[in-house]
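Asks:
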Amino acid sequence: MASLGELERSVMEMLWTNDAALTANELRDTLAVRDGSGRVVATTTMLTVLSRLERKGFVSRSRVMRPHRYRALLSREEHTAELMHEVLDQSTDRAAALARFVGTVSEGEANTLRRLLDELAHH
Amino acid sequence: MFLVAGVLGALALALAWPVPVLLSRAAWPSRAPAVALALWQAIALAGGLSMIGCLLAFGSAAAGSFPAAVAQLAPALLDGPVPSAFGALEIAALALAGAVALLLILNLAFTAVRAERERRKQHQLVDVLSHPLPDDPRTRVLAHPALLAYCVPGIRTTTVLTDGLIEVLDRDELAAVIAHERTHLGQLHHLVRLAFRAWHSAIPWFPIANRAERSVVTLTEMLADDGARRLVGTDALRGALERVGNAGESGSFPDATPGASPDAAMLAARLVRLERLDRLDASTGDRGAAQDLPRGLPGLVLATSVGLVAISLTGYAAILGIVP
């Protein structure tokens with residue numbers, strides 16, 4: 001039995017590779033195929049996973065018609081940029097939240113990264 | 001009471017300026033990071049307690065004890081004149097004591113809440129964006145070219161490595177990095193850093209607070225280095241540090257430059273230390289052997305730490321009228 005965390009990750013992978021908004025059942029079926037094991041998670045499990053992802057700000061739910069459709073709110077790259085931004089940001093208490101790095105990006109890389117991240121932020 | 005105020009005041013002054021300056025310049029802490037870290041915590045705790053205690057003792061001297069002063073002043077809060085024993089200075093001292101205590105406590109609380117929120121956010125992002133190492137689910141890999149390793153503390157702890165880092169480090173070096181981060185997590189370094197971060201942000205204009213936080217960060221890095229050394233050996237750790245190299249450690253406040261600017265001084269201090277430990281290991285043939293400290297120094301430092309806190313607590317006992 002895959003953990004909820006693993007399911008969340010798999011669902012996000014599917015939503016990132018699929019441009020269209022998908023229903024819980026479509027996601028469940030795609031997961032079973034991708035997995036290759038033929039294991040099918042229960043639809044209720046899938047709905048739990050999706051509502052967790054929605055609460056965490058990863059997916060948006062379209063309630064226009066039933067069944068509801070889900071799509072990724074941001075691209076994988078945007079989320080990664082967000083994560084890196086928080087990890088590299090030293091100016092706030094974020095630094096206190098994470099016991100720090102052994103090594104981090106080099107100065108040149110850090111500058112490039114910051115520029116990229118700033119561009120993304122102002123996008 | 002004036003004697004108590006005097007003693008606590010002298011202690012507060014000593015701990016606010018000369019003692020932290022001397023300690024941050026001393027050479028021995030890099031040889032005994034654990035006891036040095038304990039001493040820093042004692043200095044911060046005793047410093048705060050004695051500063052507040054000095055004000056309380058001075059302000060309540062006229063009444064003989066703090067509870068007595070409260071009993072005499074409380075009615076005056078609602079109506080009626082302030083008892084003549086209390087002058088403007090006494091009232092100001094008591095008010096200042098309350099303000100300082102409130103500032104420190106609220107700052108710690110806010111810092112802790114923000115850090116907790118950030119930790120939760122990190123766990124959420126890391127869970128979805130990274131995949132666990134097959135043989136070690138507590139270590140996760142993030143697809144990103146930056147050379148980066150960090151750990152997210154909490155009830156569930158995670159060490160995060162980037163693709164980029166895995167690419168440039170060899171197996172032992174990676175093991176050293178993971179062991180380093182695990183040591184941070186295991187020894188709860190984030191908590192002591194949080195306290196010093198909160199202290200620093202409560203009085204950001206006070207240079208000693210910055211110096212103290214930097215020293216504490218450096219010491220936790222050295223302790224984490226020791227964890228990695230014990231598990232994987234000095235060579236691998238040094239290799240990793242040199243390889244991610246000009247990167248350096250960014251877990252601190254470089255004084256002027258905010259952002260992820262590398263702290264070359266801290267990295268240099270750690271590398272010099274590792275070199276010395278390497279020589280020591282070679283000469284004693286024992287990895288992680290006792291460091292070349294003067295005998296008795298750790299005991300002395302620990303006794304000093306306990307003593308500092310004990311003196312300020314004794315002052316409070318006098319202020320509260322528990323001891324005469």
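If you read the sequences in order, they're chains A and B. For the first sequence, the UniProt record's numbering assigns the number 1 to the initial residue and increments by one for each residue that follows. For the second sequence, the UniProt record's numbering assigns the number 1 to the initial residue and increments by one for each residue that follows. Glycine included, C-beta positions come from ideal geometry on N, C-alpha and C.
When the cut-off is 8 angstroms and only beta carbons count, does A/Leu-83 lie next to chain B?
Replies: yes
Asks: For chain B, is any of its Cβ atoms less than 8 angstroms away from the one on A/Val-87?
Replies: Interface criterion met: the Cβ of A/Val-87 is under 8 angstroms from a Cβ in chain B.
Asks: Does the structure place the segment 90-105 of chain B close enough to the segment 38-56 of chain B that three or more beta carbon pairs sit under 8 angstroms?
Replies: yes
Asks: Going along chain A, which residues have a C-beta under 7 angstroms from B/Ala-109?
Replies: Near B/Ala-109 there are no residues of chain A at all, since even the closest Cβ is about 12 angstroms away, more than 7 angstroms.
Asks: So for B/Asp-235, helix, strand or coil by DSSP?
Replies: helix
Asks: Comparing the C-beta of A/Glu-78 with each C-beta of chain B, is any distance below 8 angstroms?
Replies: no
Asks: Looking only at its own chain, which residues have a Cβ that is under 7 angstroms from the Cβ of A/Ser-62, when we skip the five neighbours before and after it?
Replies: Ala-21, His-68, Arg-69
Asks: A/Val-54 versus chain B: which residues are under 9 angstroms apart at the beta carbon?
Replies: It is worth fixing the name first, because residue 54 of chain A is Glu in this sequence and not Val. Per Cβ cutoff of 9 angstroms: no residues; A/Glu-54 is ~12 angstroms from chain B at best.
Asks: Given a cut-off of 8 angstroms on the beta-carbon distance, is the pair B/Ala-42 and B/Leu-308 in contact?
Replies: yes
Asks: Taking only beta-carbon positions, decide if A/Glu-12 is within less than 8 angstroms of chain B.
Replies: Per the sequence shown, the amino acid found at residue 12 of chain A is Met instead of Glu. Taking CB atoms only, A/Met-12 has a neighbour in chain B less than 8 angstroms away.
Asks: Assuming B/His-123 contacts B/Thr-162 (C-beta within less than 8 angstroms), just tell me the rounded distance between them.
Replies: About 17 angstroms; that fails the 8 angstroms criterion.
Asks: Less than 8 angstroms between CB atoms is the rule here; does B/Val-309 satisfy it with respect to chain A?
Replies: no
Asks: Going by the DSSP bridge assignment, what does A/Arg-61 pair with across the sheet?
Replies: DSSP output for A/Arg-61 lists A/Tyr-70 as bridge partner(s).
Asks: Spell out whether any CB of chain B is found under 8 angstroms from the CB atom of A/Arg-9.
Replies: yes
Asks: Let me know if B/Ala-76 comes out buried or exposed under the rule of 16 or more other beta-carbons within 10 Å of its beta-carbon.
Replies: It counts as exposed.
Asks: Please classify A/Ser-75 as buried or exposed, where buried requires at least 16 other C-beta atoms within 10 Å of its C-beta.
Replies: By the beta-carbon neighbour count (other beta carbons within 10 angstroms, threshold 16), A/Ser-75 is exposed.
Asks: Which whole runs of the alpha helix (DSSP H) in the segment 2-68 of chain B are 4 residues long or more, in chain order?
Replies: Counting whole runs of 4 or more residues, the segment 2-68 of chain B contains the alpha helix (DSSP H) stretches 2-16, 18-25, 33-60.
Asks: Flag this pair as yes or no: are the beta carbons of B/Arg-119 and B/Gly-154 separated by less than 8 angstroms?
Replies: yes
Asks: Assign A/Val-40 to one of three DSSP states: helix, strand, or coil.
Replies: coil
Asks: In or out: B/Ser-215 buried (at least 16 other Cβ within 10 Å) or exposed?
Replies: Burial call: buried.
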